[in-house]
Structure formats: structure tokens, C-alpha cells
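Asker: Pasting a structure below so you can have a look.
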Ligand code: GCU
């Protein structure tokens, strides 16, 4: 049966398979032996069963498909140009159809390492499922970022912070003795899209995970993931020396504290020799950190970096640092804290920066730290789980949101200084590069709650591998691998996907509005939220609506967060007439009758965006209904039910926001917009 559990690895039966497609499975050969090569062999068998309902055949003498490390290949026989393949690195691969002297055609998957071969094999199998050929010139690929990580905000009690797909898939209680099949399936799915690291624990960390009892369990997971090329990382709670070390302080400049971390790191590496390193959230939202001792973020990061350096580990130090005690605009705080520290971090520290300066809103301008710390490697943190985009039930394909940020020009080295170039290290020549995605995975049968949210996990992996990949390619690939190649299904659904994030922006936070969601759970609308003690967690602080107008003035007449961006951006965004309207209320406070580019006033535009979002959500239901029978009923029905919820809740957002903001604008609901109920 078609099953959401199988993700984009469905291996649906091929219609009219070509000779080439059949040959690959009837006469294949894998050179060498290792646990990773066993996985490759198993994958070929799985694919063969799916594509042809047949066992695949190894063929030693006259293979039609060879999977081999370059060092084990007869380069001469296949007239292979060694110079073309030297750059593949430790994770790259190439796939090519080569002709021998005897005119035999052989498909070769080659790489420098077994992991490269695993990636190459998945790539080939995906090509076959999509009914695509290998171009004559071959496919040469290697990842553009070094560390491609999922961040699990999973707690040791198996709850998942901001997780909407069940509980944590890490069953700490049964570990280390029981290795659940889901761990293996998880590793396989990640490997199939190039993800090579996983941070098992929540950024709001628990120091218990660093005790021997838990390290045993972590080791069991690391051992399971290793043949799939996936390294394990943990979050380190800054106060661990106090909590589990019995020391009175966690001051990063204290010798005893430093020694404790050094010993702890050594211990971790005894369990897990290829342990990836630590992620740290410090001095933010109640987490302990160097501020507690009057130290800097660099003091904290460097202490941990020194501890893991002898073993090749890295520290991903999060820039999500802000405090309600700092009176300044929250947008500015991370920049103000980190920018002066540029050049003071150890070589094995990378600063992990969220895509925007507030917090994973449906749309944010890119974080001003990108490009602003030339001497420090920075990594991108995207959120895959939909904390602010309708949790599990709202379809929002996030690739366009990631792509939008990656393509933004920071202008720090003049035009063409895109955010993607900070991520791949090319902007300031950094070798240490990484991307993190906050996972949306849980114990739900289909992993991610909404079937379509599998696409966001997939998209994240593809963009971490290549930050220049396009949303359109990703959507199309995912649909074909997950459902069917039938264009009657793929074409309309691809449109739905590509427009879906903008639709969510339309019915939640159009025109640069942000942080107007309900308190604490962040699911529905809550522009009225004034919260408790913290202004930085309220909605009214961010939208600033009153009778005169709406929006947060972040220009020089206001908080001047805009001053943290390059001149070119300041000029463009500083002017209400030239700022892209999608960021208008993020940076400007404007009157209700302020005229937008279409000649209509702000209030009418706002109302029409909300209405547009509602209509798009309704239209999706109709289109999806019409596709019944094109895919299996189970998944069709599941998605339909969620889409219906989404359409209802788009109305909820529209009505709540228009009723609330209408109190201030005192303007009528314009024609074409339904009256709020
Ligand atoms: C958001 C989210 C928190 C999370 C935090 C973080 O604020 O609501 O649950 O801990 O981001 O990224 O650290």
C-alpha cells in the first residue's frame, strides 16, 4: 500500500521501464565491502522490488551498473578522465554512462568514499523513479556546505518543543539495548537527501544527556547512524558543571570549569569517537550562559571549542540571544551582541543565526548578521517545524521561504553578496560551513503530521546540500518521488505548493506584519496579545497599531534596526515608497490611509490580502478534491481533511485580524472582502 511512512522513497512501480532502467537492476556490481556498501545493496533491492516487483541481480563479469570507489575503478577501461573526478571530496559522487573498448555501455556511480557512493546511489534511484536519464556529460555533485544538520528540539521525556507530529522518535527508555527500526529508517531518509548530522536534543537543554547513563544511549544512536554518514551532536547546557559536575560555578574563565568541560568532552569521545560537537543556546529565554558571569558569548563558545578541538569537534553557538531586560528593539539585540565579537571566536566555532532577526515568522527580512561578521563562519538556522505557520495542519511549502532568504543580497562586498554565499563560505572564504533545520519529525505514522510537511524536510536537505537549488525543482522532485510522475497530478499540485507559503503570509501576516500570533502556543491569531511582563513576547509591541496607523518604525526615526544593514539596503528599505511592500510594516509605521503602489490605501490592501489568503486556501480544497483517484485514497483523504481545516482557519485569522485592527483604522471593510463573522 502507499504509505506516508515511506516518504519520498516510495519506489513506485515503473510504467514501461526502459532497457537501461532494467539493466541497472539485472546486472549490477558493487566493488568492495563495508556496512555502507551493504546499505547500498539493500537499497538497490528495495528499489528493484518497488520498480519491478523483482529481486535485483548481482553480476560480476559483465555488469551494467557499477558502484565503486574511484580507487577501485579501472579508469583506463572506461576512458575516464581522472582530473574531472578529483574534486569530488569526501561526500561527492559522479554518475555517468561510459563506453568501454568493446562498446559495452555501463552506468558508473563513483566516489572517493562509501558515503559518496551512498549519495550517488540515492541520486541514481531518484532519477530512475522520476523517469529521467543520465545526461551524456554525466552528473558531478558534491555538497556546498560541510555540515547539514537537523536540530531536534526533543526533550528527554520525549516531548518535542514546537513539535506537532507526535512524540520524539528517540525512545530514551528503551535505549541503548533496543534499536528501533525507525532510527534506521530515519538515517536512511536523511542520507537520501544528503543530511549528515543530527542534534538529538532540545536547545533548551537538559544536562542529564551528558551523564554516562545517557551517553550510552547516544552512542547506540551514533552507531546506528554512522554507516549512513550521519554524525551525532548534542546540545550543551551551559550550567552543566554545576548541575552534574558538582562545581559551584559555570564561569567559562574558571579553570575548574574549563577542566570539567575538557574531561567531559574526552568522555563523550570515548563513547562516540566521531561525535560532531555541541550546539549551545545561552543567555536567551531563561537559559544560563556567560552573561551570568559577566563574560561574552565568545568566552563561552571558546571554552567549549577548546574542549572538543582535540577530537575534531565543532561548536555551533546560537546567535538567538536577546533579553527583555535590554530595552532595545529585539530585532537589534543579536547583532549588537555578536558583531563586536567578530574575529574573537576559535576556529572550530560557527555562529548559528536564524534566517531572520525575530523568530521564524512567516516572512522576515534576512538577519542583519549575515555578511556582517567577515572573520567568523556563520551558519543558517531554518525552522522546518511550523511553529508560526499553522503547526501540523496548514500546508506551507517552505522552500520558497528558504530560497527567498538565501537569495537576498547583503551587499556587504557590493552587489552579488547573497546570503547563500555566507552559508557556503564563499563570501568571506570560510572552510567551516553549515546549515541547521529545526526538525518537524515525530512518531506520527507519516513522520511529519501533514503529508506535505515531508516536503519541507526534503527541501531543507536539498537546500543544505546546494543553497542555490530552486523551489520549483525541489517541489517537482518531491511530488514525483512521493506520489506519482503523472503530470495531471504533479502540475497543479506543484502550483499549490509553490504558492502556499505566500498564501499563509496573506492570511496571517501580510505587508510585513509579524509576531501577532496567539500567546505561548503560537497557533492562531492574537494581535491583541499584551502578554505579561515581557514586551518582547507581545503582539502589540510588534504591530504598534493605533488610530494613527500601524507598523514598527525601524528606520532612523525609530529603533533604527535598519541601520544594521548595508547602505544599499538602508536606502531602499528606508523609504516607504521603495521598500518592497512585503516588508513595509516590519520597518515603517504608516497611516491607515497611506497609499500603496496600487493606488489603494493601506487598510484596504491589508483587508484584501487577508481575503486573498482565504480564497487561496479554499481554492486549494477544490483543486485537491478534483485530484481524487490520481493518488491513493488514504493520503488523498488525509490531506483533504487538513486542507479543509486550513481554509477554515484562514478565515479565523482574517476575521480576527480585521476585527482587531479595524478598531483602530475605523475604516469599513472594503468591497470584495467578506465581513468578519
Ligand atoms: C522560539 C520558540 C522556542 C525556542 C526558541 C529558540 O522562541 O518559541 O520554543 O526555544 O525559539 O529558538 O531557542
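Numbering (mature numbering (1 follows the signal peptide of the UniProt record, and there is no 0)), first residue to last: -1, 1 to 676. For every residue, glycine included, the Cβ atom is placed at its ideal position computed from N, Cα and C.
Would you give the residue range spanned by the alpha helix (DSSP H) that residue 189 belongs to?
Answerer: Run containing residue 189: 180 to 191, per the alpha helix (DSSP H) assignment.
Asker: Taking Cβ to Cβ, would you say residue 649 is nearer than 8 Å to residue 613?
Answerer: Their beta carbons are under 8 Å apart, which means residue 649 touches residue 613 by this criterion.
Asker: Which ranges would you report for the alpha helix (DSSP H) in the segment 228 to 293 if only whole runs of at least 4 residues count?
Answerer: Within the segment 228 to 293, the complete alpha helix (DSSP H) runs of at least 4 residues are 239 to 242, 254 to 270.
Asker: For residue 143 versus residue 408, is the C-beta spacing smaller than 8 Å?
Answerer: Not in contact: residue 143 and residue 408 (Cβ atoms no closer than 8 Å).
Asker: Tell me the residue span of the beta strand (DSSP E) that contains residue 314.
Answerer: Note, residue 314: beta strand (DSSP E), 313 to 317.
Asker: Looking at C-beta atoms only, is the number of pairs between the segment 14 to 26 and the segment 61 to 76 that lie closer than 8 Å three or more?
Answerer: Enough Cβ pairs lie closer than 8 Å, so yes.
Asker: Could you give the distance in angstroms between the alpha-carbon of residue 300 and the alpha-carbon of residue 286?
Answerer: Near 15 Å, if we compare the C-alpha coordinates of residue 286 and residue 300.
Asker: Looking only at its chain, what residues have a beta carbon closer than 6 Å to the beta carbon of residue 343, apart from the 5 residues adjacent to it on each side?
Answerer: Excluding sequence neighbours, residue 343 sits near 297.
Asker: Taking only three categories from DSSP, how would you classify residue -1?
Answerer: Summary for residue -1: the model assigns pLDDT 49, below 50, so the residue's position carries little reliability, and this model does not support an answer.
Asker: Whole angstroms are fine: how far does the CA of residue 90 sit from the CA of residue 430?
Answerer: Rounded to the nearest angstrom, the two C-alpha atoms are 15 Å apart.
Asker: Any heavy atom of ligand 1 closer than 7 Å to the CB of residue 363?
Answerer: Not under cutoff, so the answer is no.
Asker: Does the distance from the C-beta atom of residue 321 to that of residue 381 stay below 8 Å?
Answerer: No. Outside cutoff.
Asker: Can you list, in chain order, the residues of its chain with a C-beta nearer than 7 Å to that of residue 504? Leave out the 5 residues immediately preceding and following it.
Answerer: Correct list, in chain order: 361, 362.
Asker: Give every residue of the same chain whose Cβ lies closer than 8 Å to the Cβ of residue 249, excluding the five residues on either side of it in the sequence, and list them in chain order.
Answerer: 237, 238, 239, 240, 241, 256, 287, 291, 292.
Asker: For a test of your reading of the model: does the CB of residue 338 fall under 7 Å from any non-hydrogen atom of ligand 1? Yes or no.
Answerer: Residue 338: no, Cβ never under 7 Å from ligand 1.
Asker: Could you tell me the distance, in whole angstroms, from the CA atom of residue -1 to the CA atom of residue 11?
Answerer: Bear in mind that the predicted position of residue -1 carries a pLDDT of just 49, short of 50, making it too unreliable to give a figure here.
Asker: In angstroms with no decimal places, state the Cα-to-Cα distance between residue 145 and residue 199.
Answerer: So the alpha carbons of these two residues sit roughly 19 Å apart.
Asker: Near residue 646, which residues of its chain fall below 8 Å by C-beta distance, leaving aside the five closest residues on each side in sequence?
Answerer: Closer than 8 Å at the Cβ level, and outside the excluded window around residue 646, lie 613, 616, 617, 619, 620.
Asker: Considering only C-alpha positions, which residue in the set 78, 84, 83 is nearest to residue 98?
Answerer: If we check each option's Cα against that of residue 98, 78 comes out closest.
Asker: Indicate whether the contact test is met: 3 or more Cβ pairs, each with one atom in the segment 178 to 190 and one in the segment 122 to 135, closer than 8 Å.
Answerer: Result no; under three Cβ-Cβ pairs closer than 8 Å.
Asker: Pull up the distance between the alpha-carbon of residue 416 and that of residue 273, whole angstroms please.
Answerer: The straight-line gap from Cα to Cα measures roughly 34 Å.
Asker: Less than 8 Å between the C-beta atoms of residue 188 and residue 6, yes or no?
Answerer: Cβ atoms of residue 188 and residue 6: closer than 8 Å.
Asker: Taking the continuous beta strand (DSSP E) assigned at residue 147, which residues delimit it?
Answerer: Note, residue 147: beta strand (DSSP E), 146 to 150.
Asker: Residues in the same chain with beta-carbon distance under 7 Å from residue 582, minus the five sequence neighbours each way, listed in chain order, please.
Answerer: Within the same chain, residue 582 has close Cβ partners 364, 511, 572.
Asker: According to the neighbour-count rule (16 or more other Cβ atoms, all chains shown, within 10 Å of its Cβ), is residue 622 buried or exposed?
Answerer: The residue is exposed, with fewer than 16 neighbouring Cβ atoms inside 10 Å.
Asker: Taking residue 641 as the reference, which of 70, 418, 452 has the closest Cα?
Answerer: The candidate whose alpha carbon is nearest that of residue 641 is 452.
Asker: At the level of alpha carbons, what is the spacing between residue 191 and residue 262?
Answerer: Going by the C-alpha atoms only, they are around 36 Å apart.
Asker: Excluding sequence positions up to five away, which residues of its chain have a Cβ less than 6 Å from the Cβ of residue 375?
Answerer: The answer, listed in chain order, is 341, 344, 350.
Asker: Determine the contact status of residue 378 and residue 337, defining contact as a CB-CB distance below 8 Å.
Answerer: Against a cut-off of 8 Å, the Cβ pair of residue 337 and residue 378 comes out as no contact.
Asker: Mind reading off the beta-carbon distance from residue 92 to residue 124? Whole number of angstroms is fine, and I expect it under 8 Å.
Answerer: Between residue 124 and residue 92 the Cβ distance is about 13 Å, and since that is not below 8 Å, they are no contact.
Asker: Residue 33 by DSSP, collapsed to three states: which one?
Answerer: DSSP places residue 33 in coil when its eight states are reduced to three.
Asker: Using a Cβ-Cβ cutoff of less than 7 Å, which residues in the same chain neighbour residue 216 once the five nearest sequence positions on both sides are dropped?
Answerer: For residue 216, where only same-chain residues beyond five positions count, the Cβ hits under 7 Å are 171, 174, 175.
Asker: What's the gap between the Cα of residue 670 and the Cα of residue 472?
Answerer: Cα to Cα, the separation comes out at about 38 Å.
Asker: So, with DSSP's three-state summary, where would you put residue 644?
Answerer: The answer is helix: DSSP assigns residue 644 an H, G or I state.
Asker: Flag this pair as touching only if the segment 492 to 506 and the segment 393 to 400 have three or more C-beta atom pairs under 8 Å; answer yes or no.
Answerer: Yes, the segment 492 to 506 is in contact with the segment 393 to 400.
Asker: Which residue comes first and which comes last in the alpha helix (DSSP H) that contains residue 463?
Answerer: Note, residue 463: alpha helix (DSSP H), 453 to 464.
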